[in-house]
Amino acid sequence: MAFAPMGPEASFFAVLDQHRASLLAALRRGGGEPAGGGTPQASSFNLKKALRSVCEERKREACGETSSSEVLASIESVIQDIITSVARNEAPAFTIGNRSSWENIKFEDSVGLQMVTHFTTRKIKSDSLKSVKKFALILKILSKIYKLVQSNTYATKRDIYYTDSQLFGNQTVVDNIINDISCMLKVPRMSLHILSTSKGLIAGNLRYIEEDGTRVHCTCGATAVAVPSNIQGIRNLITDAKFLLIVEKDATFQRLLDDNFCNRMSPCIMITGKGVPDLNTRLLVKKLWDTFHIPVFALVDADPHGIEIMCIYKYGSMAMSFEAHNLTVPAIRWLGLLPSDIKRLNIPRDTLIPLTKRDQMKLDSVLKRPYVTCQPFWRKEVL
1 MAFAPMGPEA
11 SFFAVLDQHR
21 ASLLAALRRG
31 GGEPAGGGTP
41 QASSFNLKKA
51 LRSVCEERKR
61 EACGETSSSE
71 VLASIESVIQ
81 DIITSVARNE
91 APAFTIGNRS
101 SWENIKFEDS
111 VGLQMVTHFT
121 TRKIKSDSLK
131 SVKKFALILK
141 ILSKIYKLVQ
151 SNTYATKRDI
161 YYTDSQLFGN
171 QTVVDNIIND
181 ISCMLKVPRM
191 SLHILSTSKG
201 LIAGNLRYIE
211 EDGTRVHCTC
221 GATAVAVPSN
231 IQGIRNLITD
241 AKFLLIVEKD
251 ATFQRLLDDN
261 FCNRMSPCIM
271 ITGKGVPDLN
281 TRLLVKKLWD
291 TFHIPVFALV
301 DADPHGIEIM
311 CIYKYGSMAM
321 SFEAHNLTVP
331 AIRWLGLLPS
341 DIKRLNIPRD
351 TLIPLTKRDQ
361 MKLDSVLKRP
371 YVTCQPFWRK
381 EVL
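Quick note on full-length UniProt numbering: the sequence shown kicks off at 1 and runs consecutively.
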């Protein structure tokens, strides 16, 4: 089964051919109106509109996004495989990389945690009681993504959940399927035209323009700005900041704002993901690093969870390892609080919170991570 070409480039060339044919027809008639009753102005307008669409596509490619035409082609290829299976009287299935196995992960100091080339996969089968529902949900969300990309519109993960909340069950199901689709298509999440509501905050010496033209002026005052939902859409970033400070907890972030930290410590930018960072906060940290190349520091708790959160910003996570190049900032430096600082600063022992059993399990897990095992200083601190 063949699919018609889709995407902005296809529409551009279609309009171009139509425009050229109209001009030729007009010339043959001695300069009359283009065939089909359209005016030269209308045809020119359509041509400019299509050309602008292609220009936008080029900008997205320059920002590291997969082009819309490539996303559409990838989805069409998946659907083609399903149709082929049905034609052969075989039960169709989706093949998805296993994002929960360390066997599929390799570590490079310059990139972080990334999925290996030849990774193990799992099958989401349509003829299995265990996976038939997930197969249907993937197909449903794939259809939604195709329409969004084709029409160059966006939707939030929450929007998709509420299209059929009873079917999906909960938001986490939608989130995991979107990540599975991104991994299956080998396409960055941002190229699927699905946004997520940000929970992160940013403050300090930074100005930028959002995709809709809104001018944002972050300040060093007591009020922070919410991290944008469409990081790839922001442009004209301007700063005099000397460094970027990532703060693990919102309470610490707010305390620093109240203490006028940004002004007292020279121009700087502060950002918090309010605990484990969401995708938008990580994308913004990456964008700020790529744009300004200023020192980036992380201020986290001296416990296993704080250390892991800092490592998510710096080296990424196992679940999103297939998109490491768009998310990690290996240049991040661990500012503190270091476990060794507790003794060095003579912090009273009665103010310390003992590690729980859950904390100890997290510590054991962190100690096995490749980014800890290869760094003696970190291992010494964690132990």
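Glycine is no exception: its CB is placed at the ideal position from the N, C-alpha and C atoms. Note that the coordinates shown come from a computational prediction; the quantities given were computed from them, not determined experimentally.
Cβ pair count under 8 angstroms reaching 3, the region 155-164 against the region 286-303: Per the Cβ contact rule, the region 155-164 is not in contact with the region 286-303 (fewer than 3 Cβ pairs under 8 angstroms).
Span separating the alpha-carbon of Asp303 from that of Ile312: Near 15 angstroms, if we compare the C-alpha coordinates of Ile312 and Asp303.
Validate contact between the region 333-346 and the region 282-290 using beta carbons, cut 8 angstroms, 3 pairs: Between the region 333-346 and the region 282-290 there are fewer than three C-beta pairs closer than 8 angstroms, too few to call the two in contact.
C-beta contact flag for Cys262 and Gly169 at 8 angstroms: Cβ atoms of Cys262 and Gly169: not closer than 8 angstroms.
Residue closest to Asp301, alpha-carbon to alpha-carbon, out of Leu327, Thr272, Glu248, Tyr315: Of the candidates Leu327, Thr272, Glu248, Tyr315, the one whose C-alpha sits nearest the C-alpha of Asp301 is Glu248.
Segment limits, beta strand (DSSP E) that includes Arg215: Residues 215-218.
CB of Ser126 within 8 angstroms of CB of Ala93, strictly: Yes.
Span of the alpha helix (DSSP H) around Glu70: From DSSP, the alpha helix (DSSP H) with Glu70 extends over 68-87.
Same chain, Cβ closer than 8 angstroms to Ile194, five either side skipped, listed in chain order: Excluding positions up to five away in sequence, the list reads Ile145, Leu148, Tyr154, Ala155, Thr156, Lys157, Ile160, Ile178.
Beta-carbon spacing of Ala241, Ile269 below 8 angstroms: Closer than 8 angstroms, so yes.
Nearest-angstrom Cα separation, counted from Asp250 out to Arg344: Arg344 and Asp250: Cα-Cα distance of roughly 26 angstroms.
Best match in Pro267, Ala319, Ile246, Phe322 for proximity to Gly306 [C-alpha to C-alpha]: It is Ile246.
Own chain residues within Cβ distance below 7 angstroms of Ala124, not counting five before or after: Residue identity differs from the one stated: residue 124 is Ile in this sequence, not Ala. Closer than 7 angstroms at Cβ, skipping near neighbours: Ala93, Phe94, Ile96, Ser131, Lys134, Phe135, Ile138.
Residue from Trp102, Arg215, Asn98 whose Cα sits closest to the Cα of Pro370: The shortest Cα separation from Pro370 among Trp102, Arg215, Asn98 belongs to Trp102.
Beta-carbon separation (whole angstroms), Ser321 vs Met115, contact threshold 8 angstroms: About 5 angstroms separates the two Cβ atoms, so the contact holds.
Continuous beta strand (DSSP E) stretch holding Ile231: start and end: It is not in any beta strand (DSSP E) - Ile231 carries neither H nor E in the DSSP assignment.
Gln375 (DSSP reduced to helix, strand or coil): In this structure, DSSP gives Gln375 a state outside helix and strand, which the three-state scheme calls coil.
Distance between Trp378 and Ser182 (C-alpha atoms, nearest Å): One C-alpha to the other measures close to 32 angstroms.
Short Cβ contact (8 angstroms threshold) for Met318 with Arg122: The answer is no: Cβ separation not under 8 angstroms.
Beta-carbon proximity check, Arg235 vs Glu323, cutoff 8 angstroms: It is not a contact, given that the beta carbons lie outside the stated cut-off.
Pro277 versus Glu308, Asp359, Ile353, residue with shortest Cα-Cα distance: Nearest C-alpha to Pro277: Glu308.
Span separating the alpha-carbon of Ser191 from that of Val372: If you take the alpha carbons of Ser191 and Val372, they lie about 32 angstroms apart.
Own chain partners of Lys274 with C-beta closer than 6 angstroms, once the 5 adjacent residues on each side are dropped: The answer, listed in chain order, is Lys199, Asp250.
DSSP state of Phe119 mapped onto helix, strand, coil: Phe119: coil per DSSP, three-state reduction.
For Val285, the nearest candidate out of Arg358, Met310, Ser266 (CA to CA): Closest option to Val285, Cα to Cα, is Met310.
Proximal residues to Cys374 (C-beta, below 8 angstroms), its chain only, five neighbours per side dropped: Around Cys374: Phe107, Asp109.
Whether Pro376 touches Val111 by CB criterion (8 angstroms): No, they are not a contact pair.
Simplified DSSP state of Leu337, which is helix, strand or coil: Coil.
Arg215 burial status per 10 Å Cβ neighbour count (16 or more: buried): By the neighbour-count criterion, in which a residue is buried when 16 or more other Cβ atoms sit within 10 angstroms of its Cβ, Arg215 is exposed.
Whether Pro280 touches Cys220 by CB criterion (8 angstroms): Checking the sequence shown, residue 280 turns out to be Asn, not Pro. In this structure, Asn280 keeps its C-beta atom at 8 angstroms or more from the C-beta atom of Cys220.
Residues bridged to Met270 [DSSP beta-bridge criterion]: Met270 is bridged by DSSP to Ala203, Leu245.
In DSSP terms, what Gln114 is bridged to: As DSSP reads the structure, Gln114 sits in a beta bridge with Lys106.
Cross-strand partners of Phe96 (DSSP beta bridge): One point to set straight first is that residue 96 is Ile, not Phe, in the sequence displayed. Bridge partners of Ile96: Arg122.
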